[in-house]
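A.B. asks:
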Amino acid sequence: MTPETVADELDEVLIGADELRQRVQELADEIAADHDGKDLLFVGVLRGAVMIMADLARAMPMSVEMDFMAVTSYGYARQSSGVVRILKDLDTDISGRHVVLVEDIVDSGLTLSWLLRNLESRDPASLEVCALIRKPEAVKVEVPVKYVGFDIPNEFVVGYGLDYRQRYRNLNVIATLPTAD
Ligand code: IMP
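Following this line, the structure appears as structure tokens:
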């Protein structure tokens, strides 16, 4: 879906489709260079990471395995509750594996730090994070995100996997919504 389709519901387009495509390719090349000759497993966090996961994996110049986890995060609110619950766990045993956790967005960093602790306890050979988008709060808490697509201002964004009340995930750009309340 293009932004024109829902133009009256969006505020502005922050990151366009071409920019997304180009940055995802750069991230893929960087991850591949760092994992040369290694057996790589991408772990995507549903549902938000579905677009970045699919595009990143396709852009990789090497073979990667893919698995998914589903966790609760915001529910229907625009703020993180800090409560993380696994709705779907990995099917893969990651012990001894080189893992890249693929995230849509890191905001407060609460979801990510919880996930990292959880995955670390399974003894992977290495564990890095790739997040398409990082907000300023995440920089403050110093969540270790090795691969960052875009640093954006502290605004609520939708599109390219990110939703507001389950809408706009299939938007092909990253956009802001008009300020609520
Ligand atoms: P955190 O725990 O605050 O870092 O939030 C992480 C999760 O909250 C993400 O994986 C998203 O699902 C959701 N989230 C955070 N910021 C946004 C946003 O701007 N738009 C849509 N979802 C968001």
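Residue numbers (the working numbering): 84 to 264.
Glycine included, each C-beta is placed from N, C-alpha and C at the ideal position.
1) Report all residues from its chain with a CB closer than 7 Å to the CB of R205; omit the five preceding and five following residues, and keep chain order.
2) Write down every uninterrupted run of the beta strand (DSSP E) in the stretch 100–176 whose length is 3 residues or greater and which is fully enclosed by it, in chain order.
3) Measuring only the C-alpha atoms, how far is K121 from T88?
4) So, do the stretch 239–253 and the stretch 180–192 have three or more beta carbon pairs nearer to each other than 8 Å?
5) Between G192 and the ligand IMP, is the CB less than 6 Å from at least one heavy atom?
6) Should R217 be labelled buried (16 or more other beta-carbon atoms within 10 Å of its own) or exposed?
7) To the nearest angstrom, report how far apart D172 and V128 are at their CA atoms.
8) Given that a residue counts as buried once 16 or more other Cβ atoms are within 10 Å of its Cβ, and exposed if not, what is I257?
9) Taking its Cβ as the centre, do 16 or more other Cβ atoms sit within 10 Å of R168, making it buried, or is it exposed?
10) Suppose you measure from the CA of Q105 to the CA of R250; what does that come to, to the nearest Å?
11) Which residues mark the beginning and the end of the beta strand (DSSP E) in which T194 is found?
C.D. replies: Walking through what the data contain:
1) Translated into the one-based positions of the sequence shown, residue 205 becomes position 122. Counting only Cβ-Cβ distances below 7 Å, and skipping sequence neighbours, we find I177 and S178.
2) 123–129, 147–154 and 169–171
3) One-based indexing of the sequence shown puts residue 121 at position 38. One-based indexing of the sequence shown puts residue 88 at position 5. The alpha-carbon atoms of K121 and T88 are separated by roughly 42 Å.
4) yes
5) One-based indexing of the sequence shown puts residue 192 at position 109. Flag set: Cβ of G192 near the ligand IMP.
6) Along the sequence shown, read from residue 1 onward, the residue named residue 217 stands at position 134. Answer is buried; the Cβ neighbour count reaches 16.
7) Working through the sequence shown from its first residue, we reach residue 172 at position 89. Working through the sequence shown from its first residue, we reach residue 128 at position 45. Approximately 10 Å, taken between the alpha carbons.
8) As a first step, residue 257 is located in the sequence shown; it is residue number 174 there, counting from the start. Buried, since its Cβ has 16 or more Cβ neighbours within 10 Å.
9) On the sequence shown, residue 168 is found 85 positions in, with the first residue counted as 1. Flag for R168 reads exposed.
10) If you number the sequence shown from 1, residue 105 lands on position 22. If you number the sequence shown from 1, residue 250 lands on position 167. Approximately 25 Å, taken between the alpha carbons.
11) Within the sequence shown, the letter at position 111 stands for residue 194. Not the beta strand (DSSP E): T194 falls in the alpha helix (DSSP H), residues L193 to E203.
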